[in-house]
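One structure below.
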Ligand SMILES: Nc1ncnc2c1ncn2[C@@H]1O[C@H](COP(=O)(O)OP(=O)(O)OP(=O)(O)O)[C@@H](O)[C@H]1O
Ligand SMILES: Nc1ncnc2c1ncn2[C@@H]1O[C@H](COP(=O)(O)OP(=O)(O)OP(=O)(O)O)[C@@H](O)[C@H]1O
Ligand SMILES: [Mg+2]
Ligand SMILES: [Mg+2]
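Chains as they are written, first to last, in the working numbering: chain A, 23 to 360; chain B, 58 to 659; chain C, 92 to 411; chain D, 596 to 905; chain E, 207 to 512.
Structure below.
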């Protein structure tokens with residue numbers, strides 16, 4: 023059976039804005055198993071990054087409530103030094119923008135070496151360098167010896183992202199969090215990076231959280247998918263179920279709005295309105311209701327909760343039952359095999 | 058200063074000068090000799106503050122220096138061979154004695170063409186100088202007649218780069234020929250033996266023995282082999298200067314400080330002090346330095362600061378009348394560069410003597426002296442300051458403050474306010490604006506100038522500051538005509554002269570004096586001034602009469618009018634003994650201290 | 092980099108040349124000349140006229156300029172008319188003083204700026220930060236001359252803790268320990284007065300640099316690596332924020348030049364600033380010209396130094 | 596006669612250096628590109644970052660100086676747009692990538708939209724107002740939008756404002772440089788739909804620049820693929836997606852993520868095969884400098900950059 | 207990254223959006239100043255000072271104030287002379303008011319003139335770039351090399367007669383470079399933004415783009431810089447006057463009043479001559495700086511307080 027590496031229970035992360043707290047992540051519960059890739063999708067501003075940062079406890083000013091259990095330990099109660107022992111060793115993180123994620127004034131070798139040094143003070147400098155070169159080779163960087171002494175700005179975007187990945191996997195973490203690791207990259211490079219991540223995951227059996235807004239990437243990579251909207255998970259299911267039987271109106275709308283190279287659609291679906299900003303989140307009711315105004319109010323729950331519609335498939339709010347596209351347009355189900 | 062009103066004899070016990078009830082002081086209340094209190098200690102170091110806001114130049118040789126700071130330093134380690142008395146007449150108390158000869162030296166006359174020879178024989182004089190035997194340079198070499206002659210030759214040399222060459226030298230037989238390269242020696246100077254020198258002067262005048270003899274030797278054994286042009290920048294002038302004075306230069310921090318140690322071989326006797334430290338101090342910190350006892354003596358003290366600090370406990374103030382006066386001049390002509398003479402212009406704006414008189418009457422210099430200077434400067438009456446008591450005519454009141462008189466004079470002269478705006482027009486009814494040039498610098502310059510302008514306005518004269526502001530030092534002198542290019546925009550100007558130790562005013566008011574900025578000249582003036590330096594003038598009474606007449610003549614003509622006489626105030630730390638500011642005092646070797654540390658004010 | 096430096100120096104030449112012409116002409120336009128100050132009834136006016144002619148002060152400016160420039164090319168900045176010594180020698184005497192004063196000020200500037208900047212940047216919005224920011228505000232607004240006057244008054248006179256003028260106590264053997272201590276003692280008050288004011292911009296810069304760097308993504312990366320807070324600060328934030336400060340060094344030099352005029356004037360410290368002011372009033376052209384030129388060159392060199400340091404400490408900036 | 600014809604277009608940027616800013620070399624951003632667009636069609640320009648897509652578009656509209664080559668619009672040469680007639684300049688308009696920076700934040704929407712009108716048409720205040728309102732309605736914004744400032748709109752709405760501005764002069768050709776890549780998927784859909792709508796309505800021709808093959812496929816009739824300033828392949832949508840000839844095209848197409856998770860292992864395999872092929876046959880498809888060869892026709896719509904036979 | 211950052215600032219949220227890029231910049235500035243009590247206080251103080259100084263000086267007669275009165279030299283503050291008199295018997299309070307007015311006027315004049323020159327120079331250089339930029343930058347480099355204080359001192363020694371205007375002109379001649387450089391670098395960035403490109407494609411002329419499109423977007427930056435410059439310029443003017451290279455005493459200035467303190471007598475015994483002026487300089491500079499810093503924070507989202 024799958025062994026959970028991370029369990030999140032009722033996690034709420036709030037930011038203080040003008041003396042009031044606003045929850046960017048609202049009562050999120052999920053589990054990541056060993057050797058499993060969980061994708062988190064959603065539009066910009068849905069709280070995906072906030073969730074990832076909460077897991078790593080990287081926000082220094084956010085209020086975190088709930089439970090984050092990493093290998094059975096509740097790390098919300100950890101001290102900074104306890105956390106530091108975890109970060110970079112048992113948990114690795116890959117950031118979205120590879121240029122800004124690297125210290126511009128430090129050589130690549132030193133930056134990767136640093137993570138080794140922090141968690142293993144006894145490693146000799148020579149061995150460390152050997153290990154760094156090994157890592158560089160592993161993430162597919164040619165001429166690793168040379169790159170070792172280069173500065174971030176001397177590398178291309180794809181190379182930099184590989185360096186960031188090398189850093190994240192340096193200590194063979196059991197949980198890897200990747201926040202939009204390929205958004206800044208060209209398609210060809212994106213596919214290479216994704217393939218690399220997949221490879222690495224299979225090798226290490228780590229649990230992976232992949233944050234993205236690209237449904238194509240999800241379809242290529244994920245084992246399970248959580249769809250986030252306005253700080254909440256609105257649907258969670260394994261990847262096949264989600265793509266073949268999406269239930270939540272938001273999931274369905276998203277899937278319908280993507281032009282894909284494989285599909286021909288004359289008209290794309292448009293989701294009305296925008297993701298509300300943190301201070302304007304509806305305090306109660308279904309948060310998505312504002313963007314599907316043609317669905318009657320009564321279809322929504324007062325306090326929407328996740329319903330398990332089939333084993334492992336959860337959907338928030340009952341409105342999915344009544345949802346239809348406004349123009350009566352037929353819904354494409356993405357199960358056509360090309 | 059006999060023209061000052063009351064003067065209270067200060068009794069020896071009370072060192073502090075009493076402030077009068079009206080907040081005024083008088084220079085007569087100051088002593089010139091430091092009161093000695095306490096026992097002298099052996100040796101000790103005296104700190105001398107050289108008050109200057111710039112660094113001293115460091116041309117430390119009497120034959121080359123040009124700034125007062127350097128002279129202040131020089132005084133400590135070198136001196137003239139001749140000293141003078143309170144009337145500025147050379148005495149025989151110095152390192153050399155002098156004796157005018159009955160007749161002009163035959164040997165010198167022999168070098169001259171016949172006509173000149175008779176002239177010199179008639180008007181000239183030969184003076185014989187004898188240097189005392191124990192007068193030695195700091196390096197032990199004796200000061201010789203050769204050295205003295207050498208000084209003359211160097212200064213008269215055409216490569217000489219210092220400022221000394223002038224009438225004192227051209228008055229020596231053969232000096233001009235030597236200067237022009239026509240002779241390889243100054244024929245009028247004869248070295249009779251190691252210690253005896255004889256100089257023949259073309260003109261014998263009373264001025265000769267009141268400061269017109271060059272009395273500073275130049276060590277030939279050191280400078281003899283140098284090119285004349287190189288001497289002033291040689292290390293022997295700048296870094297390790299030599300003299301024969303009471304102290305020897307030990308070290309110099311360029312521009313900042315000089316440390317001197319005593320010269321045990323000093324001809325007057327071994328100095329009592331071990332050493333003297335001369336340090337440049339900024340005028341702004343003088344008082345604090347005195348209070349803290351950082352300096353025992355200072356080179357100059359701004360009288361403005363006296364009233365606030367009169368009760369400083371650790372110093373005694375000495376004071377005397379300064380050889381200087383402030384004046385206001387009227388531009389009455391221009392300078393003829395070609396001829397080198399003043400060219401009076403009878404049509405000048407200020408040509409009317411009544412206008413000038415009225416302007417003198419219009420200003421209340423007593424008030425200025427009292428209010429700005431608390432009595433330490435006072436109303437000036439004539440162009441011979443009371444620092445020369447023999448010649449200053451204290452019966453001459455000058456023109457007194459009398460605005461009504463001023464108005465009357467103006468009315469009579471035709472300067473009337475025709476258009477009724479309160480401002481007088483000139484004789485032709487044209488607007489009259491008088492441009493006034495005054496120098497900046499000095500704390501009171503600006504209000505003083507403003508005060509004069511206001512005073513003149515009070516009698517209806519419109520006077521404006523040239524360019525609306527005070528002239529900076531350099532531009533003032535440039536425009537007022539120190540090169541002979543007088544700025545026509547200037548009508549009147551305010552200046553000050555420090556006068557020489559000789560009373561002869563030709564350098565400032567002579568027809569051929571470029572410093573005669575008012576460009577005034579008249580036959581009567583020429584005549585009077587010539588009389589003052591004639592052979593007859595060796596008779597002091599005669600000379601007094603001449604200058605008395607000249608002083609009155611200047612009051613009548615008013616090419617310039619003096620505004621203020623000045624005093625010198627010198628604070629001295631109480632631990633200093635045997636100090637004096639009397640004219641001709643030269644006993645630095647007698648200076649002593651009562652304790653190692655200077656006294657501080659509480 | 093040598094090529095870059097060389098090229099910068101070559102490009103300096105026309106600038107400096109133009110500067111020299113401008114300064115020379117300006118200096119000549121000042122009324123009066125170095126001999127004006129010799130107005131003295133005891134000095135024969137003819138002597139002055141002769142000297143004026145001999146010094147070539149009556150020649151047209153361009154002749155004087157070419158003569159002067161010719162000298163400069165032979166390393167001869169001319170002769171100070173007032174001080175009667177070669178300008179180079181004169182300036183050298185003063186430059187040494189100014190150099191030590193500036194160097195000392197710089198050291199103090201950084202000694203003050205770095206701890207304050209770091210404290211204020213690291214703990215921004217804390218009480219310490221507010222205090223430091225308050226200080227920088229006041230320091231920023233305080234004209235240096237007022238501050239220096241007050242410092243002189245309080246520490247020099249009132250408390251009598253420091254000398255109030257000069258660069259050295261007279262009579263000390265150069266080179267001895269005592270000599271050096273005396274020099275430092277004399278520099279302390281002027282240097283401190285200047286440093287306390289000039290440092291504020293560095294404190295402010297350092298603070299905002301740290302506050303900025305703290306929010307950079309690579310700091311998150313460092314935290315995600317498990318780096319301790321100390322490590323994050325020392326290795327990442329401070330290093331990245333301090334390096335640009337190092338590059339300020341060159342510009343600081345430029346700033347010190349301006350300040351030195353006030354400081355040396357108020358503390359009667361015999362340096363170049365004071366020499367400049369007195370040379371202006373003495374109309375000692377060769378000195379004025381040389382000093383302005385020298386300061387101009389220092390400005391350029393300061394800029395160059397900053398660029399070079401920046402390129403050394405920041406691998407992203409490359410100079411060819 | 597095509598509507599827009601680009602012939603051997605080259606845009607080289609000098610690399611400046613030295614004190615006097617002397618030219619020390621060139622960046623060949625666009626290096627011999629030729630294509631033509633039919634009236635009313637959408638032509639897609641794809642390629643990875645830095646391949647010269649934007650530069651091509653900007654050169655056509657006159658924002659970049661053309662080094663050599665010819666651009667013919669409606670049969671007229673417009674190499675130097677500044678000298679080209681005013682009519683032509685107003686016939687070509689542009690939509691920018693970044694809806695945030697392409698609108699002047701200090702101007703009201705009405706001023707932004709009216710800017711081209713003020714430059715080209717002498718309208719009275721009232722007429723102008725009317726036109727602006729029409730345009731605002733046309734792009735589906737509420738009438739009161741005209742007095743608002745750009746920051747009060749979402750990305751998609753801003754892009755519509757940009758479009759309204761571009762169509763204000765009733766242009767014939769619109770160059771759209773990555774009009775949706777800055778937008779979220781949902782908003783992207785909105786803009787793409789709208790662009791298609793007005794194309795039909797106004798009979799517009801698009802030069803559509805994007806690096807997203809999905810979007811390109813959705814929008815375009817014909818496609819050109821760029822690589823390092825040159826074309827590697829061009830043809831109809833079908834030619835490119837169903838029958839890619841050049842290894843680079845194949846690689847691009849293979850890199851598009853498949854939205855169907857069931858395909859992923861096959862897709863991965865396919866991708867790896869293509870990658871292998873790419874590595875092996877790189878020299879076959881590119882010259883010694885790693886640049887593409889001249890285009891060779893493989894069918895009458897389909898051109899591929901292959902070395903000349905022989 | 208670009209994308210997500212900007213997306214965050216959707217509809218209402220201009221939190222992360224650079225305020226210089228939004229018309230409500232003014233509102234933010236206002237808000238920021240009101241929020242920052244110190245800045246608000248400074249602004250009010252400054253306004254009061256300015257109104258007082260310019261207002262009161264209307265009723266003062268400069269001639270009369272600088273009239274020397276021999277019989278009231280160095281009077282202590284009293285009813286007739288609120289702040290006593292100086293060594294010319296002139297009323298210090300009157301001089302303070304007029305001096306502040308003069309110093310402020312010069313400061314403002316210099317700031318405005320340097321601003322105008324700097325803006326035009328910087329805009330032209332930055333907007334056109336290329337050769338024009340190159341040439342202009344070489345000119346600017348040259349001015350940067352000039353040791354400002356020294357050159358101005360030499361200049362002041364030459365100019366025979368100066369007024370507020372000519373003095374300001376001298377200062378301006380050597381002070382415009384800072385703002386020119388700033389504007390240039392911003393203009394270089396700004397012109398690359400699409401809205402400028404868009405205007406070009408829409409047929410707007412360069413001049414019009416420069417002044418009606420680019421310039422307004424640099425306005426908050428300009429305001430901030432000019433505010434801070436104003437303080438610096440007032441400081442410079444008083445510094446020059448202090449050194450004796452400013453105005454003659456008949457045209458009072460704050461620096462001149464402070465410079466009286468160089469007379470140790472005044473420094474020690476007559477605080478009323480120089481302390482008020484010193485304090486006023488400090489207060490002026492502090493308040494202007496406070497306002498400037500608040501403006502800076504307002505335009506720099508990262509530093510904004512709320
Ligand atoms: N430090 C913070 N302080 C205040 N609000 C924040 C902070 N970080 C994020 N937010 C807010 O929290 C919400 C969620 O932000 P988050 O960055 O998690 O979104 P996201 O889904 O990652 O979006 P993107 O795809 O753009 O990265 C947004 O409304 C954002 O404005
Ligand atoms: N003004 C310019 N000066 C110099 N080089 C330039 C300039 N503009 C573009 N380039 C260079 O030309 C090349 C092509 O750039 P271009 O912007 O056209 O690419 P692109 O395909 O649009 O890329 P992207 O997808 O990143 O927008 C790049 O290498 C770029 O660095
Ligand atoms: Mg995110
Ligand atoms: Mg592009």
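Glycine included, C-beta positions come from ideal geometry on N, C-alpha and C.
{"Asked": "Own chain residues within Cβ distance below 6 Å of residue 357/B, not counting five before or after", "Found": "108"}
{"Asked": "Identity of the residues DSSP links to residue 370/C by a beta bridge", "Found": "The partner list for residue 370/C (beta bridge, DSSP) is empty, contrary to what the question assumes."}
{"Asked": "Contacting residues, own chain, Cβ-Cβ under 7 Å from residue 366/B (five flanking each side not counted)", "Found": "344"}
{"Asked": "Reduced DSSP category for residue 227/E - H, G, I as helix; E, B as strand; rest coil", "Found": "With a pLDDT of 46 at residue 227/E, under the threshold of 50, the modelled position of this residue cannot be trusted; read the value that follows with caution. Helix at residue 227/E."}
{"Asked": "Reduced DSSP secondary structure (H/G/I, E/B, other) of residue 438/B", "Found": "coil"}
{"Asked": "Cβ-based neighbour list, residue 527/B, same chain, cut-off 7 Å, excluding 5 preceding and 5 following", "Found": "495, 496, 497, 502, 503 and 506"}
{"Asked": "Min CB distance residue 399/B to chain C below 8 Å", "Found": "no"}
{"Asked": "Minimum Cβ-Cβ distance from residue 501/B to chain E less than 8 Å", "Found": "yes"}
{"Asked": "Identity of the residues DSSP links to residue 337/A by a beta bridge", "Found": "257/A and 329/A"}
{"Asked": "Any non-hydrogen atom of ligand 2 within 7 Å of residue 832/D CB", "Found": "no"}
{"Asked": "Reduced DSSP secondary structure (H/G/I, E/B, other) of residue 606/D", "Found": "strand"}
{"Asked": "Residue-level contact to chain B via CB, residue 54/C, 8 Å cutoff", "Found": "Because chain C in this structure spans residues 92 to 411, residue 54/C falls outside the shown range and cannot be described."}
{"Asked": "Supposed close pair residue 296/B, residue 640/B - CB separation, criterion 8 Å", "Found": "That belief does not hold up - the Cβ atoms of residue 296/B and residue 640/B are roughly 33 Å apart, past 8 Å."}
{"Asked": "Under the three-state DSSP convention, the category residue 310/B falls into", "Found": "strand"}
{"Asked": "Where residue 267/C sits in the DSSP three-state scheme", "Found": "coil"}
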